[in-house]
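So in the working numbering, spot 12 of the sequence shown is number 56, and the numbers just go up one at a time.
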Amino acid sequence: MAAPSQQRILVGVDGSDSSKEALRQADRIARALDAPLTAVMFWQGPPVYEGWETVDPNKPPAGTEDVLRAAVADVLGEELPPHVRTELLHGRPAARLVEESENALMLVLGRRGHGGMRGSALGSVSNACIAHAHCPVLVVRH
(Lines of atoms letter the chains of each structure in order from A; the text may use other names.)
(Lines give C-alpha, C1' and ligand atoms only; values in the text may rest on other atoms or scores of the structure.)
Protein backbone atom coordinates (compact mmCIF):
# COMPACT_ATOMS: atom_id res chain seq x y z
CA MET A 45 0.00 0.00 0.00
CA ALA A 46 1.29 3.45 -0.89
CA ALA A 47 2.03 6.02 1.77
CA PRO A 48 -0.96 8.26 2.52
CA SER A 49 0.72 11.28 0.89
CA GLN A 50 0.81 9.34 -2.39
CA GLN A 51 -2.77 8.14 -2.20
CA ARG A 52 -5.66 9.66 -4.04
CA ILE A 53 -9.09 10.89 -3.26
CA LEU A 54 -11.50 8.67 -5.18
CA VAL A 55 -14.95 9.83 -6.27
CA GLY A 56 -17.65 7.82 -7.99
CA VAL A 57 -19.37 9.63 -10.85
CA ASP A 58 -22.45 8.47 -12.74
CA GLY A 59 -23.64 11.78 -14.18
CA SER A 60 -26.33 12.30 -11.54
CA ASP A 61 -26.64 15.58 -9.65
CA SER A 62 -25.69 13.71 -6.48
CA SER A 63 -22.44 12.44 -8.00
CA LYS A 64 -21.62 15.91 -9.32
CA GLU A 65 -21.95 17.31 -5.79
CA ALA A 66 -19.71 14.48 -4.54
CA LEU A 67 -17.14 15.47 -7.19
CA ARG A 68 -17.36 19.11 -6.10
CA GLN A 69 -16.70 18.16 -2.46
CA ALA A 70 -13.98 15.65 -3.37
CA ASP A 71 -12.18 18.37 -5.32
CA ARG A 72 -12.28 20.67 -2.28
CA ILE A 73 -10.83 17.91 -0.09
CA ALA A 74 -8.16 16.96 -2.62
CA ARG A 75 -7.05 20.58 -2.94
CA ALA A 76 -6.94 21.01 0.85
CA LEU A 77 -4.87 17.84 1.26
CA ASP A 78 -2.77 18.45 -1.87
CA ALA A 79 -3.81 14.98 -3.02
CA PRO A 80 -4.59 13.68 -6.49
CA LEU A 81 -8.26 13.20 -7.33
CA THR A 82 -9.57 10.35 -9.47
CA ALA A 83 -13.14 10.52 -10.79
CA VAL A 84 -14.29 7.04 -11.78
CA MET A 85 -17.29 5.80 -13.72
CA PHE A 86 -18.13 2.15 -14.29
CA TRP A 87 -19.67 0.19 -17.12
CA GLN A 88 -20.80 -3.37 -17.49
CA GLY A 89 -20.45 -5.33 -20.70
CA PRO A 90 -23.54 -5.59 -22.86
CA PRO A 91 -24.78 -8.91 -24.14
CA VAL A 92 -22.98 -10.22 -27.20
CA TYR A 93 -25.39 -8.21 -29.33
CA GLU A 94 -27.78 -5.34 -28.79
CA GLY A 95 -30.72 -5.51 -31.14
CA TRP A 96 -29.37 -6.32 -34.56
CA GLU A 97 -25.98 -4.74 -34.04
CA THR A 98 -22.96 -6.76 -32.88
CA VAL A 99 -21.03 -5.06 -30.08
CA ASP A 100 -17.64 -5.60 -28.50
CA PRO A 101 -18.15 -6.80 -24.89
CA ASN A 102 -14.72 -5.39 -23.98
CA LYS A 103 -15.63 -1.82 -24.90
CA PRO A 104 -17.89 0.51 -22.93
CA PRO A 105 -21.28 1.25 -24.48
CA ALA A 106 -21.30 4.21 -26.84
CA GLY A 107 -21.60 7.50 -25.02
CA THR A 108 -20.37 6.25 -21.62
CA GLU A 109 -17.12 8.19 -21.81
CA ASP A 110 -19.06 11.27 -22.93
CA VAL A 111 -21.23 11.08 -19.77
CA LEU A 112 -18.12 10.98 -17.56
CA ARG A 113 -16.43 13.80 -19.45
CA ALA A 114 -19.58 15.98 -19.36
CA ALA A 115 -20.16 15.42 -15.62
CA VAL A 116 -16.56 16.33 -14.78
CA ALA A 117 -16.60 19.36 -17.10
CA ASP A 118 -19.88 20.54 -15.57
CA VAL A 119 -18.25 20.64 -12.12
CA LEU A 120 -14.58 21.40 -12.80
CA GLY A 121 -14.62 23.05 -16.23
CA GLU A 122 -13.55 21.85 -19.67
CA GLU A 123 -9.83 21.92 -18.80
CA LEU A 124 -9.07 19.36 -16.09
CA PRO A 125 -7.05 20.72 -13.18
CA PRO A 126 -3.61 19.07 -12.98
CA HIS A 127 -4.49 17.07 -9.86
CA VAL A 128 -7.57 15.43 -11.48
CA ARG A 129 -7.74 12.21 -13.50
CA THR A 130 -10.74 10.39 -14.90
CA GLU A 131 -11.08 6.64 -15.34
CA LEU A 132 -13.73 4.56 -17.05
CA LEU A 133 -13.60 1.08 -15.50
CA HIS A 134 -15.36 -2.16 -16.27
CA GLY A 135 -17.43 -3.81 -13.53
CA ARG A 136 -20.20 -3.38 -11.01
CA PRO A 137 -19.86 0.01 -9.29
CA ALA A 138 -20.13 -1.11 -5.65
CA ALA A 139 -17.68 -4.01 -5.99
CA ARG A 140 -15.18 -2.01 -8.04
CA LEU A 141 -15.33 1.03 -5.73
CA VAL A 142 -14.57 -1.23 -2.76
CA GLU A 143 -11.67 -2.74 -4.71
CA GLU A 144 -10.35 0.67 -5.81
CA SER A 145 -10.68 1.99 -2.23
CA GLU A 146 -7.66 -0.13 -1.25
CA ASN A 147 -5.48 2.55 -2.85
CA ALA A 148 -7.41 5.60 -1.74
CA LEU A 149 -7.06 8.04 1.09
CA MET A 150 -10.82 8.64 0.97
CA LEU A 151 -13.81 7.58 -1.09
CA VAL A 152 -16.42 10.26 -1.84
CA LEU A 153 -19.88 9.35 -3.12
CA GLY A 154 -23.22 10.95 -3.69
CA ARG A 155 -26.10 9.79 -1.52
CA ARG A 156 -27.75 8.10 -4.48
CA GLY A 157 -27.20 7.93 -8.19
CA HIS A 158 -29.52 6.92 -10.97
CA GLY A 159 -30.69 3.75 -9.16
CA GLY A 160 -34.29 3.00 -8.31
CA MET A 161 -34.14 2.91 -4.48
CA ARG A 162 -35.91 6.26 -4.10
CA GLY A 163 -37.51 5.52 -0.72
CA SER A 164 -34.27 4.82 1.14
CA ALA A 165 -31.86 7.30 2.65
CA LEU A 166 -28.89 5.91 0.68
CA GLY A 167 -28.49 4.14 -2.61
CA SER A 168 -27.22 0.59 -2.88
CA VAL A 169 -23.72 1.60 -3.98
CA SER A 170 -23.29 4.04 -1.08
CA ASN A 171 -24.54 1.42 1.38
CA ALA A 172 -22.15 -1.23 0.07
CA CYS A 173 -19.18 1.12 0.14
CA ILE A 174 -19.89 2.29 3.67
CA ALA A 175 -19.94 -1.33 4.79
CA HIS A 176 -16.94 -2.66 2.85
CA ALA A 177 -14.55 0.10 1.71
CA HIS A 178 -10.91 -0.04 2.79
CA CYS A 179 -10.72 3.69 3.51
CA PRO A 180 -12.95 6.37 5.02
CA VAL A 181 -16.11 7.05 3.03
CA LEU A 182 -17.79 10.42 2.75
CA VAL A 183 -21.37 10.33 1.47
CA VAL A 184 -22.38 13.78 0.27
CA ARG A 185 -25.96 14.83 0.71
CA HIS A 186 -27.40 16.65 -2.27
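Ideal Cβ placement from N, Cα and C applies to all residues, glycine included. Since this is a predicted model, take the numbers as computed values, not measurements.
Residues that residue i bridges to, as DSSP identifies them
i    : result
R113 : DSSP output for R113 lists no bridge partner at all.
H134 : W87
V184 : G154
Best match in the options for proximity to residue i [C-alpha to C-alpha]
i    : options                : result
V116 : L182, H176, L132, V142 : L132
P105 : T82, H134, T130        : H134
I53  : A165, R129, A138       : R129
V57  : A165, H176, P180, R140 : R140
E146 : G167, R136, P125, C179 : C179
R21  : G107, E144, H176, R185 : With the chain covering only 45 through 186, there is no way to say anything about residue 21.
F86  : A165, L112, A177       : L112
H127 : D61, K64, D71, Q88     : D71
K64  : V181, P137, V119, D110 : V119
P125 : T82, Q51, G89          : T82
Contact belief for residue i with residue j at Cβ below 8 Å, rounded distance in angstroms
i    : j    : result
L149 : V183 : No, L149 and V183 are not in contact; Cβ-Cβ is about 16 Å, not under 8 Å.
Legend entry - Inter-stretch contact at 8 Å, needing at least 3 Cβ pairs: the segment 163 to 173 / the segment 67 to 84: In short, these stretches do not touch, since the Cβ pair count stays below three.
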